[in-house]
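A short worksheet on the structure shown next.
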Amino acid sequence: MALINLNHTDDAYDACPARSVQQETAVGAGAQILLLALLGTAIGMGTAGWLTGLVFAFASWAVLSRALHRSRLPSFGPANRVTLGRATLVGGVTALVADSYRSAPPVSLLVGLTAVALILDGVDGKVARRTGTSTPLGARFDMEVDAFLILVLSVYVALDLGPWVLLIGGMRYVFVAAARVWPWLTAPLPPSTARKTVAALQGVLLLLAGAELLPHLGNAGVVAVALGLLVWSFGRDVRWLWRRSRVPATPATAVRELVAQ
463 MALINLNHTD DAYDACPARS VQQETAVGAG AQILLLALLG TAIGMGTAGW
513 LTGLVFAFAS WAVLSRALHR SRLPSFGPAN RVTLGRATLV GGVTALVADS
563 YRSAPPVSLL VGLTAVALIL DGVDGKVARR TGTSTPLGAR FDMEVDAFLI
613 LVLSVYVALD LGPWVLLIGG MRYVFVAAAR VWPWLTAPLP PSTARKTVAA
663 LQGVLLLLAG AELLPHLGNA GVVAVALGLL VWSFGRDVRW LWRRSRVPAT
713 PATAVRELVA Q
(Lines of atoms letter the chains of each structure in order from A and count residues from 1; the text may use other names and numbers.)
(Lines give C-alpha, C1' and ligand atoms only; values in the text may rest on other atoms or scores of the structure.)
Protein backbone atom coordinates (compact mmCIF):
# COMPACT_ATOMS: atom_id res chain seq x y z
CA MET A 1 0.00 0.00 0.00
CA ALA A 2 2.86 2.36 0.78
CA LEU A 3 4.23 1.96 -2.74
CA ILE A 4 0.83 2.69 -4.27
CA ASN A 5 0.41 5.80 -2.15
CA LEU A 6 3.88 7.01 -3.18
CA ASN A 7 3.02 6.66 -6.85
CA HIS A 8 -0.18 8.63 -6.38
CA THR A 9 1.78 11.35 -4.57
CA ASP A 10 4.30 11.57 -7.42
CA ASP A 11 1.51 11.76 -9.98
CA ALA A 12 -0.14 14.57 -8.07
CA TYR A 13 3.17 16.39 -7.74
CA ASP A 14 3.82 16.10 -11.49
CA ALA A 15 0.30 17.22 -12.31
CA CYS A 16 0.43 20.41 -10.22
CA PRO A 17 3.07 22.24 -12.34
CA ALA A 18 1.25 21.18 -15.52
CA ARG A 19 -2.04 22.57 -14.22
CA SER A 20 -0.32 25.78 -13.15
CA VAL A 21 1.26 26.25 -16.59
CA GLN A 22 -2.03 25.60 -18.37
CA GLN A 23 -3.81 28.06 -16.09
CA GLU A 24 -1.46 30.81 -17.27
CA THR A 25 -2.46 30.22 -20.88
CA ALA A 26 -6.10 30.49 -19.82
CA VAL A 27 -5.33 33.80 -18.11
CA GLY A 28 -3.75 34.99 -21.35
CA ALA A 29 -6.91 34.09 -23.29
CA GLY A 30 -8.98 35.92 -20.69
CA ALA A 31 -6.78 39.01 -21.01
CA GLN A 32 -7.23 38.86 -24.77
CA ILE A 33 -11.01 38.83 -24.46
CA LEU A 34 -10.86 41.71 -21.95
CA LEU A 35 -8.77 43.76 -24.38
CA LEU A 36 -11.29 43.05 -27.14
CA ALA A 37 -14.09 44.22 -24.87
CA LEU A 38 -12.22 47.45 -24.13
CA LEU A 39 -11.52 48.05 -27.83
CA GLY A 40 -15.10 47.25 -28.73
CA THR A 41 -16.38 49.75 -26.18
CA ALA A 42 -13.89 52.44 -27.20
CA ILE A 43 -14.38 52.35 -30.98
CA GLY A 44 -17.57 50.39 -31.52
CA MET A 45 -15.76 47.48 -33.15
CA GLY A 46 -17.77 45.57 -35.73
CA THR A 47 -18.45 41.87 -36.20
CA ALA A 48 -15.31 41.22 -38.27
CA GLY A 49 -13.07 42.68 -35.59
CA TRP A 50 -14.77 40.73 -32.81
CA LEU A 51 -14.73 37.42 -34.65
CA THR A 52 -11.12 37.79 -35.75
CA GLY A 53 -10.00 38.73 -32.25
CA LEU A 54 -11.87 35.82 -30.67
CA VAL A 55 -10.49 33.35 -33.22
CA PHE A 56 -6.99 34.64 -32.50
CA ALA A 57 -7.52 34.27 -28.73
CA PHE A 58 -8.86 30.72 -29.02
CA ALA A 59 -6.25 29.59 -31.56
CA SER A 60 -3.39 31.06 -29.51
CA TRP A 61 -4.65 29.37 -26.35
CA ALA A 62 -5.10 26.00 -28.08
CA VAL A 63 -1.73 25.97 -29.85
CA LEU A 64 0.21 27.22 -26.83
CA SER A 65 -1.53 24.80 -24.45
CA ARG A 66 -0.69 21.88 -26.72
CA ALA A 67 2.92 22.97 -27.07
CA LEU A 68 3.28 23.37 -23.30
CA HIS A 69 1.75 19.95 -22.70
CA ARG A 70 4.22 18.34 -25.10
CA SER A 71 7.23 20.22 -23.70
CA ARG A 72 6.33 19.41 -20.05
CA LEU A 73 7.83 22.65 -18.78
CA PRO A 74 7.88 22.79 -14.96
CA SER A 75 6.78 26.45 -15.01
CA PHE A 76 5.64 29.03 -17.52
CA GLY A 77 8.46 31.43 -16.68
CA PRO A 78 8.70 35.23 -16.59
CA ALA A 79 9.92 35.59 -20.17
CA ASN A 80 6.97 33.61 -21.54
CA ARG A 81 4.65 35.85 -19.53
CA VAL A 82 6.09 38.87 -21.32
CA THR A 83 5.65 37.13 -24.67
CA LEU A 84 2.08 36.19 -23.73
CA GLY A 85 1.43 39.87 -22.99
CA ARG A 86 2.80 40.73 -26.43
CA ALA A 87 0.54 38.10 -27.98
CA THR A 88 -2.43 39.76 -26.28
CA LEU A 89 -1.49 43.11 -27.84
CA VAL A 90 -0.99 41.45 -31.23
CA GLY A 91 -4.49 40.01 -30.91
CA GLY A 92 -5.80 43.52 -30.36
CA VAL A 93 -3.94 44.81 -33.41
CA THR A 94 -5.30 41.89 -35.45
CA ALA A 95 -8.87 42.76 -34.45
CA LEU A 96 -8.35 46.43 -35.36
CA VAL A 97 -6.91 45.54 -38.77
CA ALA A 98 -9.82 43.17 -39.47
CA ASP A 99 -12.24 45.92 -38.45
CA SER A 100 -10.49 48.39 -40.76
CA TYR A 101 -12.24 46.79 -43.73
CA ARG A 102 -15.46 48.22 -42.27
CA SER A 103 -14.12 51.56 -41.09
CA ALA A 104 -10.66 52.99 -40.47
CA PRO A 105 -9.56 52.37 -36.86
CA PRO A 106 -8.06 55.22 -34.82
CA VAL A 107 -4.47 55.35 -36.06
CA SER A 108 -3.21 56.42 -32.64
CA LEU A 109 -4.73 53.33 -31.02
CA LEU A 110 -3.33 50.96 -33.64
CA VAL A 111 0.11 52.58 -33.46
CA GLY A 112 0.07 52.55 -29.65
CA LEU A 113 -0.70 48.84 -29.33
CA THR A 114 1.82 47.95 -32.03
CA ALA A 115 4.55 50.14 -30.56
CA VAL A 116 4.22 48.55 -27.12
CA ALA A 117 4.29 45.07 -28.68
CA LEU A 118 7.47 45.96 -30.60
CA ILE A 119 9.13 47.42 -27.52
CA LEU A 120 8.35 44.31 -25.47
CA ASP A 121 9.99 42.24 -28.21
CA GLY A 122 13.32 43.35 -26.81
CA VAL A 123 12.30 42.57 -23.23
CA ASP A 124 11.35 38.89 -23.17
CA GLY A 125 14.72 37.70 -24.46
CA LYS A 126 16.59 39.73 -21.85
CA VAL A 127 14.31 38.44 -19.11
CA ALA A 128 14.90 34.85 -20.24
CA ARG A 129 18.67 35.28 -20.19
CA ARG A 130 18.80 37.09 -16.84
CA THR A 131 16.55 34.57 -15.12
CA GLY A 132 18.12 31.54 -16.78
CA THR A 133 14.75 30.44 -18.17
CA SER A 134 15.56 30.32 -21.90
CA THR A 135 13.87 27.34 -23.58
CA PRO A 136 13.34 26.23 -27.20
CA LEU A 137 9.59 26.64 -26.67
CA GLY A 138 10.03 30.21 -25.43
CA ALA A 139 12.18 31.09 -28.43
CA ARG A 140 9.62 29.56 -30.83
CA PHE A 141 6.74 31.33 -29.06
CA ASP A 142 8.56 34.66 -29.37
CA MET A 143 9.32 34.05 -33.06
CA GLU A 144 5.74 33.09 -33.94
CA VAL A 145 4.32 36.19 -32.23
CA ASP A 146 6.81 38.36 -34.14
CA ALA A 147 5.99 36.70 -37.46
CA PHE A 148 2.25 37.06 -37.01
CA LEU A 149 2.52 40.73 -36.04
CA ILE A 150 4.53 41.41 -39.21
CA LEU A 151 1.89 39.57 -41.25
CA VAL A 152 -0.94 41.63 -39.74
CA LEU A 153 0.92 44.91 -40.26
CA SER A 154 1.60 43.90 -43.86
CA VAL A 155 -2.12 43.35 -44.42
CA TYR A 156 -2.90 46.77 -42.94
CA VAL A 157 -0.30 48.64 -44.98
CA ALA A 158 -1.27 46.71 -48.13
CA LEU A 159 -4.72 48.30 -47.94
CA ASP A 160 -3.07 51.58 -48.91
CA LEU A 161 0.01 50.56 -50.89
CA GLY A 162 -1.14 47.42 -52.66
CA PRO A 163 -0.80 43.64 -52.34
CA TRP A 164 2.97 43.63 -52.96
CA VAL A 165 3.43 44.58 -49.30
CA LEU A 166 2.08 41.14 -48.34
CA LEU A 167 5.42 39.70 -49.49
CA ILE A 168 6.90 40.97 -46.23
CA GLY A 169 4.40 39.22 -44.00
CA GLY A 170 4.23 36.06 -46.08
CA MET A 171 7.93 35.45 -46.67
CA ARG A 172 8.57 33.59 -43.45
CA TYR A 173 5.54 31.34 -43.98
CA VAL A 174 6.66 30.60 -47.54
CA PHE A 175 10.06 29.63 -46.13
CA VAL A 176 8.42 27.24 -43.64
CA ALA A 177 6.31 25.69 -46.42
CA ALA A 178 9.38 25.33 -48.66
CA ALA A 179 11.21 23.53 -45.86
CA ARG A 180 8.64 20.73 -46.09
CA VAL A 181 9.68 20.19 -49.69
CA TRP A 182 13.42 20.77 -49.21
CA PRO A 183 14.43 19.47 -45.77
CA TRP A 184 17.87 21.07 -46.00
CA LEU A 185 16.14 24.38 -45.20
CA THR A 186 15.42 23.10 -41.68
CA ALA A 187 19.08 22.99 -40.67
CA PRO A 188 19.96 25.34 -37.80
CA LEU A 189 21.42 28.69 -38.79
CA PRO A 190 24.35 30.27 -36.97
CA PRO A 191 23.59 33.36 -34.86
CA SER A 192 23.53 36.55 -36.91
CA THR A 193 23.23 40.13 -35.71
CA ALA A 194 22.30 41.20 -39.24
CA ARG A 195 19.38 38.76 -39.32
CA LYS A 196 18.08 39.99 -35.96
CA THR A 197 18.42 43.62 -37.02
CA VAL A 198 16.54 43.11 -40.28
CA ALA A 199 13.77 41.23 -38.46
CA ALA A 200 13.40 44.01 -35.89
CA LEU A 201 13.31 46.69 -38.60
CA GLN A 202 10.36 45.05 -40.37
CA GLY A 203 7.92 45.94 -37.61
CA VAL A 204 9.33 49.43 -37.14
CA LEU A 205 9.22 50.31 -40.85
CA LEU A 206 5.75 48.84 -41.36
CA LEU A 207 4.51 50.75 -38.33
CA LEU A 208 6.02 53.94 -39.73
CA ALA A 209 4.21 53.37 -43.02
CA GLY A 210 0.94 52.60 -41.25
CA ALA A 211 1.14 55.64 -38.97
CA GLU A 212 0.36 57.96 -41.90
CA LEU A 213 3.16 60.35 -40.98
CA LEU A 214 4.64 60.38 -44.49
CA PRO A 215 3.13 61.03 -47.92
CA HIS A 216 2.09 58.04 -50.02
CA LEU A 217 5.38 57.95 -51.94
CA GLY A 218 7.38 58.14 -48.72
CA ASN A 219 5.45 55.21 -47.23
CA ALA A 220 6.04 53.19 -50.37
CA GLY A 221 9.76 53.92 -50.16
CA VAL A 222 9.92 52.87 -46.49
CA VAL A 223 8.15 49.59 -47.19
CA ALA A 224 10.31 48.96 -50.25
CA VAL A 225 13.40 49.30 -48.07
CA ALA A 226 11.91 46.84 -45.57
CA LEU A 227 11.15 44.35 -48.34
CA GLY A 228 14.60 44.73 -49.87
CA LEU A 229 16.31 44.09 -46.53
CA LEU A 230 14.12 41.05 -45.90
CA VAL A 231 14.82 39.56 -49.33
CA TRP A 232 18.55 40.07 -48.75
CA SER A 233 18.38 38.43 -45.30
CA PHE A 234 16.36 35.42 -46.44
CA GLY A 235 18.46 35.04 -49.57
CA ARG A 236 21.64 35.11 -47.51
CA ASP A 237 20.34 32.41 -45.15
CA VAL A 238 18.99 30.21 -47.96
CA ARG A 239 22.32 30.44 -49.76
CA TRP A 240 24.17 29.45 -46.56
CA LEU A 241 21.83 26.51 -45.98
CA TRP A 242 22.16 25.34 -49.58
CA ARG A 243 25.95 25.48 -49.45
CA ARG A 244 25.91 23.60 -46.15
CA SER A 245 23.70 20.89 -47.64
CA ARG A 246 26.16 20.35 -50.50
CA VAL A 247 29.23 19.86 -48.31
CA PRO A 248 29.70 16.95 -45.87
CA ALA A 249 29.67 18.34 -42.35
CA THR A 250 33.11 18.41 -40.70
CA PRO A 251 34.31 20.38 -37.69
CA ALA A 252 36.63 22.51 -39.82
CA THR A 253 33.91 23.30 -42.35
CA ALA A 254 31.47 24.27 -39.61
CA VAL A 255 33.99 26.67 -38.08
CA ARG A 256 34.77 28.31 -41.44
CA GLU A 257 31.07 28.77 -42.25
CA LEU A 258 30.37 30.25 -38.84
CA VAL A 259 33.24 32.72 -39.19
CA ALA A 260 32.01 33.66 -42.68
CA GLN A 261 28.70 34.76 -41.18
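Position 20 of the sequence shown, counted from 1, bears residue number 482 in my numbering, the numbering being contiguous throughout.
Yeah, the Cβ is synthetic: ideal placement off N, Cα and C, and Gly gets one too.
Since the structure is predicted, the reported quantities are computational estimates derived from the model, not experimental observations.
| Item | Value |
| --- | --- |
| Sub-8 Å separation of Leu668 and Ala688 beta-carbons | yes |
| Glu521 - DSSP class collapsed to helix/strand/coil | According to the sequence shown, residue 521 is Ala rather than Glu. Three-state DSSP puts Ala521 in a helix. |
| Under the three-state DSSP convention, the category Phe696 falls into | helix |
| Closer than 7 Å: Phe520 CB and nearest the ligand ATP heavy atom | As for the ligand ATP, it is missing from this structure, which has no ligand bound. |
| Member of Met507, Thr509, Phe538, Ala549 whose CA lies at the smallest distance from the CA of Gly492 | Ala549 |
| Ranges of the alpha helix (DSSP H) found wholly within the segment 579–650, counting only runs of at least 4 | 598–623, 628–643 |
| Best match in Ser533, Ala519, Pro677 for proximity to Leu623 [C-alpha to C-alpha] | Pro677 |
| C-alpha distance - Asp699 paired with Phe637, whole-angstrom precision | 11 Å |
| Buried versus exposed, by CB contacts within 10 Å (16 or more), Pro650 | exposed |
| Distance between Gly672 and Gln494 (C-alpha atoms, nearest Å) | 23 Å |
| Per-residue DSSP class, three states only, for Pro540 | helix |
| Straight-line Cα distance separating Leu571 from Leu558 | 9 Å |
| Range covered by the alpha helix (DSSP H) that runs through Arg564 | From DSSP, Arg564 is part of no alpha helix (DSSP H); its letter is neither H nor E. |
| C-beta atoms of Val666 and Leu692 nearer than 8 Å | no |
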